[in-house]
Structures are given as structure tokens and as C-alpha cells.
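Participant: I'd like to ask some things about the structure below.
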Amino acid sequence: MASVRGNVQVDIDTCKGCELCVEACPQDSLQLSEKVNAQGYHYAVLIQDNCTGCENCALVCPDAVITVYRTPKNSAGKNAKREAVATVTNVRANMKITVEELPEGKVDL
Ligand code: SF4
Ligand code: SF4
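Residue numbers for the sequence shown follow this note's numbering, so the first one is 15 and each next one is one higher.
Printed below as a string of C-alpha cells:
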């Protein structure tokens with residue numbers, strides 16, 4: 015992960031300001047905006063240039079409004095090729111949970 019720079023794009027108009035992405039970011043790269051969107055919600059914004067592209071924010075966003083990009087660290091400035099690595103388009107339809115080993119006793123799934 016150290017050889018890449020991350021970046022995120024938030025669809026401001028559909029963000030509901032739940033703050034889950036802010037809490038999930040290990041880099042403290044995200045914060046809610048002071049402004050509100052058309053729905054009246056403070057939306058998530060990138061506040062620091064230290065995103066690693068770890069994808070945590072996109073994975074926890076219940077409204078699937080974050081796209082994560084990664085760029086090789088040694089690539090040239092604005093012309094660097096960005097690669098989208100995480101766009102969770104529909105969490106409810108695409109989610110798959112694999113349980114390797116169930117704990118002993120009764121488990122309510
Ligand atoms: S990709 Fe990772 S480091 Fe970047 S903003 Fe999202 S949670 Fe933070
Ligand atoms: S998790 Fe998604 S909906 Fe919630 S604040 Fe972040 S971008 Fe907005």
C-alpha cells in the first residue's frame with residue numbers, strides 16, 4: 015500500500031452525512047462539510063492529502079456514494095493514471111458473506 019497514493023470521490027448530492035466513512039478512515043482523511051447538499055445533509059469531503067486508497071470508506075458507506083482511486087506514487091503529477099479500485103455500487107444486492115468456521119453453540123444468522 016505504501017507505493018500508491020489514494021484519492022476518493024464522493025457523490026455529494028446523494029451523501030446523507032451519516033459519518034460512517036469518517037469513522038472508518040484510518041488516516042483521518044475525511045470530514046463532514048460545513049456546507050449542506052441539496053437534501054440538506056453535510057456531506058463527506060477529503061480534508062488531507064494522505065489517503066492510502068485502503069477502500070474502508072467505500073466499503074462502509076451505506077449509500078454507495080464513494081469511489082476510491084489509486085495512483086502509483088512515482089507517477090507524474092496531474093497526468094498520472096488514476097485507477098478506480100473500489101466502487102461499491104449496490105451493497106444490498108452484491109454483498110456476500112463467507113463464514114469459514116462457526117463458533118460453537120447456537121448462532122443466529
Ligand atoms: S480510501 Fe482509506 S485512507 Fe482513503 S479516505 Fe477512504 S478510508 Fe481514508
Ligand atoms: S458513509 Fe457515505 S453517506 Fe455516510 S457520510 Fe460517508 S459518503 Fe456520506
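Heads up, the beta-carbon is just placed ideally off N, CA and C, and yes, glycines get one too.
It should be emphasised that the depicted structure is a prediction, and the values quoted were computed from it without experimental measurement.
1. To the nearest angstrom, how far is it from the Cα of G20 to the Cα of C65?
2. I26 and Q45 look like a contact to me (Cβ under 8 Å); what is the Cβ gap, rounded to whole Å?
3. Let's see if you can read the secondary structure: which residues bound the beta strand (DSSP E) around V36?
4. Identify, in the order they occur along the chain, each residue of the same chain with its Cβ nearer than 7 Å to the Cβ of N51, setting aside the five sequence neighbours on each side.
5. Express the C-alpha separation of K49 and D77 in angstroms, rounding to a whole number.
6. Between L34 and chain C, is there a C-beta pair that is closer than 8 Å?
7. Figure out for me which residue from C75, S17, K87, R84 has the closest Cα to the Cα of E33.
8. Using a Cβ-Cβ cut-off of 8 Å (strictly less than) and excluding sequence neighbours within five positions of R96, which residues of its own chain qualify?
9. Does ligand 1 have a heavy atom nearer than 7 Å to the CB of E37?
Facilitator: This is what the structure holds:
1. As a position in the sequence shown, residue 20 is number 6, starting the count at 1. As a position in the sequence shown, residue 65 is number 51, starting the count at 1. Their backbone Cα atoms lie some 5 Å apart in a straight line.
2. Along the sequence shown, read from residue 1 onward, the residue named residue 26 stands at position 12. Along the sequence shown, read from residue 1 onward, the residue named residue 45 stands at position 31. With a Cβ gap of about 13 Å, I26 and Q45 do not count as contacting.
3. The sequence position of residue 36 within the sequence shown is 22, counting from 1. No beta strand (DSSP E) contains V36, which is instead part of the alpha helix (DSSP H) from 34 to 38.
4. Numbered from 1 along the sequence shown, position 37 holds the residue referred to as residue 51. The answer, listed in chain order, is I26, D27, C29, Y57.
5. For the purposes of this step, residue 77 is taken as residue 63 along the sequence shown, with counting starting at 1. For the purposes of this step, residue 49 is taken as residue 35 along the sequence shown, with counting starting at 1. D77 and K49: Cα-Cα distance of roughly 19 Å.
6. Chain labels in this structure do not include chain C; a single protein chain is all it has.
7. Stepping through the sequence shown from its first residue, residue 33 is reached at position 19. The option with the nearest alpha carbon to E33 is C75.
8. Start at 1 with the first residue of the sequence shown, and residue 96 comes out as number 82. Only N21, Y83, R84, T85 meet the Cβ criterion.
9. To locate residue 37, count along the sequence shown from 1; it is residue 23. E37 Cβ: outside cutoff for every heavy atom of ligand 1.
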